[in-house]
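J.: Mind having a look at this structure? Questions to follow.
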Amino acid sequence: MDWTEKYRPSSLDEIRGNDKARDALQEWADTWEDHREAVVLHGSPGIGKTSAAHALASDEGWATIELNASDSRTKDVIERVAGEAAKSGTLTAGEAGRRVVILDEADNLHGNVDRGGSAAITSLVKEASQPMILIANDFYEMSSGLRNACQEIEFRDVSKRSIVPVLRDLCRKEGVEYDDAALDQIAEMNSGDLRGAIKDLQAMAEGRDRIGADDVVTGERDKTEGVFDYLDTVIKEAGAEEALKASYDVDETPDDLINWIEDNMPKDYEGEELAVAYDFLANADRWLGRVRATQNYTFWRYAGDNMTAGVAAARREPKGGWTRYGPPSYWSKLGRSRGTRNKRDYVARRIAEAGGVSMSTARREILPHLSVMTHHCKNRELTVAMAAKYELEAKHVSFITGSGEDTNKVQSIVEDAERLREERAVENAGGAFDDAHAGGSEETTDSEEADAEDDGEPESAQASLDGSATDEPADAETDAPADSTDDEDDDQAGLTDFM
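Residues 1 to 499 in UniProt numbering are what the sequence shown spells out, letter by letter.
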């Protein structure tokens, strides 16, 4: 049996190496009725966060509901399982007392895998009538809304002097003799990871009655360096070669690491060293661009050289003290703009499908024309036709026109567009022998269009925006005589493009 499970602490008093965090967690539990907030336990893997959460529940007599990374954590699952437990406790077979929800790896709620999960958790921690404990390795990987809704308790790496007594106690319980030097070596090579030290001890004790110093496999455990520690290394401490080698142990892709360095470097660098460091980052960005363009990932090495060794070499004087590093602001900007980009891409996709053009052409060449022609929905009939052709919802019409999504104007346009689509569906629902009639209709339409031209309708009104568009709609408006009063004809400009 795994010793980390066999000897998992059953009480907070048995938690080792994080007395301050342990006491803070106990205080949170004791005062929960007063504040009713969730708590986030964060810190490196293997230092006792999950064990502390379960130990607290055992001390308090609280039933537990746990969701971890192996579970499907979609919005539906969270609301059904964790939501019920946190709000009413009905999933614990009617047990009396508090129910605590423990959500492990709360910093791993993002992307399509956890569809709506992050938002559901944020909503849940604000409404829960039962205690919730969230566990995270990286506090800043959680959304700001989720962080702000919770109390925070940091668990620090367990010191060597705290790990060794735990290893001694396990050896006594398992009847294994040991040399003190052997336990010291195990604690040293695990660098604060208590769980890793216990696993190494169990592996070395397998089939032995005694563990000597010679039995300990030398060499350091493959332990990933935290990005915050690495920022200290590359910006403040290391030379070029050391900074490059240290980057190999950071669990970040070059695309992400360059953002971390770029955003935090100005907090310590200034003047000439900042300018030189930015030159190296610019070179790194060029190499990353080549990777994206060619899919040749061997270029990553050149990007890494510049963003690590280059930035370290740019340092002109020693850097001391503590700096408050933070996640790249670029990420928060992406989060804020994600909704806008999704709307843009949906509209561009509809245009591309209808007009047989690329997404790029739709975004860069057609969307700007649509925006000008339907600005603030002033040309209402054209806006309705556009919404009907591309099957747009209120949020998409609002995005293109700049009018508020919830305004009566936009809502009525969407309703009229829906009716227009239904009418067209009925018109096009004829049988196989309706082609002749359709041809007659086309002749009539051609005749009507000729009459319209004779009546002075601008030729630019026929400009297509489905891929062959030019700037004619905008030019027609610009070139119109200043004293023109033919507003009715102007309102119809471009309308046939959506019919």
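C-beta atoms are modelled at their ideal positions from N, C-alpha and C, and glycine is treated no differently. As the structure is a computational prediction, the values presented were derived from the model and not from experiment.
If you run the structure through DSSP and keep just helix, strand and coil, what is residue 302?
T.: Here residue 302 is taken as the residue at index 302 of the sequence shown, counted from 1. Helix at residue 302.
J.: Tell me the rounded alpha-carbon separation between residue 148 and residue 214.
T.: Position 148 of the sequence shown holds residue 148. Position 214 of the sequence shown holds residue 214. Roughly 50 Å between the two C-alpha positions.
J.: My assumption, with CB atoms under 8 Å, is that residue 312 sits in contact with residue 239. Please give the rounded CB distance.
T.: Position 312 of the sequence shown, counting from 1, holds the residue named residue 312. Position 239 of the sequence shown, counting from 1, holds the residue named residue 239. Indeed, because the Cβ distance is near 6 Å, the residues count as touching under 8 Å.
J.: When the Cα atoms are used, what is the spatial distance from residue 347 to residue 415?
T.: For the purposes of this step, residue 347 is taken as residue 347 along the sequence shown, with counting starting at 1. For the purposes of this step, residue 415 is taken as residue 415 along the sequence shown, with counting starting at 1. Each residue's alpha carbon lies about 18 Å from the other.
J.: Do residue 254 and residue 300 have their CB atoms nearer than 7 Å?
T.: Start at 1 with the first residue of the sequence shown, and residue 254 comes out as number 254. Start at 1 with the first residue of the sequence shown, and residue 300 comes out as number 300. Yes. Within cutoff.
J.: Starting from the Cα of residue 41, find the closest Cα among 30, 53, 35 and give me that residue.
T.: What you label residue 41 is simply residue 41 of the sequence shown in a count that begins at 1. Selected option, being the one with the closest Cα: 53.
J.: Report yes or no: do three or more beta-carbon pairs, one from the stretch 419-427 and one from the stretch 351-366, lie closer than 8 Å?
T.: Too few Cβ pairs lie closer than 8 Å, so no.
J.: Quick check: what's the CA-CA separation for residue 263 versus residue 106?
T.: To locate residue 263, count along the sequence shown from 1; it is residue 263. To locate residue 106, count along the sequence shown from 1; it is residue 106. Between residue 263 and residue 106, the C-alpha separation is close to 24 Å.
J.: Is residue 189 helix, strand or coil when you go by DSSP?
T.: Stepping through the sequence shown from its first residue, residue 189 is reached at position 189. In the structure shown, residue 189 sits in a helix (DSSP, three-state: H, G or I).
J.: Out of 259, 319, 187, point me to the one whose CA is closest to residue 329's CA.
T.: Along the sequence shown, read from residue 1 onward, the residue named residue 329 stands at position 329. Among 259, 319, 187, the Cα nearest to that of residue 329 belongs to 259.
J.: Does the distance from the C-beta atom of residue 235 to that of residue 256 stay below 7 Å?
T.: Locating residue 235 in the sequence shown gives position 235, counting from the first residue. Locating residue 256 in the sequence shown gives position 256, counting from the first residue. In this structure, residue 256 does not lie closer than 7 Å to residue 235 by Cβ.
J.: Starting from residue 64, follow its DSSP beta bridges and name the residues at the other end.
T.: Along the sequence shown, one-based indexing puts residue 64 at 64. Bridge partners of residue 64: 100.
J.: In this structure, does DSSP put residue 135 in helix, strand or coil?
T.: Position 135 of the sequence shown, counting from 1, holds the residue named residue 135. Residue state, collapsed to three classes: strand.
J.: My understanding is that residue 184 touches residue 164, with C-beta atoms under 8 Å, so please give their C-beta distance in whole angstroms.
T.: In the sequence shown, counting from the first residue as 1, residue 184 sits at position 184. In the sequence shown, counting from the first residue as 1, residue 164 sits at position 164. About 6 Å separates the two Cβ atoms, so the contact holds.
J.: Rounded to whole angstroms, what's the CA-CA distance from residue 314 to residue 275? Just pull it up for me.
T.: Walking along the sequence shown from the start, residue 314 turns up at place 314. Walking along the sequence shown from the start, residue 275 turns up at place 275. C-alpha separation (whole angstroms): 9 Å.
J.: Hey, would you say residue 396 sits closer than 7 Å to residue 343, going by beta carbons?
T.: Translated into the one-based positions of the sequence shown, residue 396 becomes position 396. Translated into the one-based positions of the sequence shown, residue 343 becomes position 343. A contact, by the Cβ cut-off of 7 Å.
J.: Can you tell me which of the three DSSP states residue 141 falls into?
T.: Looking up residue 141 in the sequence shown gives position 141. Helix at residue 141.
J.: Between which two residues does the alpha helix (DSSP H) carrying residue 243 extend?
T.: Locating residue 243 in the sequence shown gives position 243, where the first residue counts as 1. Taken as a continuous stretch (DSSP letters only), the alpha helix (DSSP H) holding residue 243 covers 240-247.
J.: Taking Cβ positions, are residue 227 and residue 47 nearer each other than 7 Å?
T.: Taking the first residue of the sequence shown as 1, we reach residue 227 at position 227. Taking the first residue of the sequence shown as 1, we reach residue 47 at position 47. Their beta carbons are not under 7 Å apart, which means residue 227 does not touch residue 47 by this criterion.
J.: In whole angstroms, what is the alpha-carbon distance linking residue 65 and residue 99?
T.: Mapped onto the sequence shown, residue 65 falls at position 65. Mapped onto the sequence shown, residue 99 falls at position 99. Distance between the alpha carbons of residue 65 and residue 99 is about 7 Å.
J.: Check this for me: beta carbons of residue 287 and residue 277, under 7 Å apart or not?
T.: What you label residue 287 is simply residue 287 of the sequence shown in a count that begins at 1. What you label residue 277 is simply residue 277 of the sequence shown in a count that begins at 1. No, the pair does not count as a contact, with Cβ atoms beyond the cut-off.
J.: Judging by CA-CA distance, which residue of 174, 247, 57, 382 is the nearest neighbour of residue 1?
T.: Stepping through the sequence shown from its first residue, residue 1 is reached at position 1. It is 174.
J.: Using DSSP with H/G/I as helix, E/B as strand and the rest coil, what is residue 291?
T.: Here residue 291 refers to the residue found at position 291 when the sequence shown is read from its first residue. It is helical.
J.: One question on the structure: do residue 298 and residue 247 come within less than 7 Å of each other, judged by their Cβ atoms?
T.: As a first step, residue 298 must be located in the sequence shown, where it is residue number 298. As a first step, residue 247 must be located in the sequence shown, where it is residue number 247. For residue 298 and residue 247, no; Cβs fall outside 7 Å.
J.: In this structure, how does DSSP classify residue 211 when only helix, strand and coil are distinguished?
T.: As a first step, residue 211 must be located in the sequence shown, where it is residue number 211. In the structure shown, residue 211 sits in a strand (DSSP, three-state: E or B).
J.: Judging by CA-CA distance, which residue of 388, 401, 404 is the nearest neighbour of residue 417?
T.: As a working mapping, residue 417 is identified with position 417 in the sequence shown. It is 388 whose Cα lies nearest to the Cα of residue 417.
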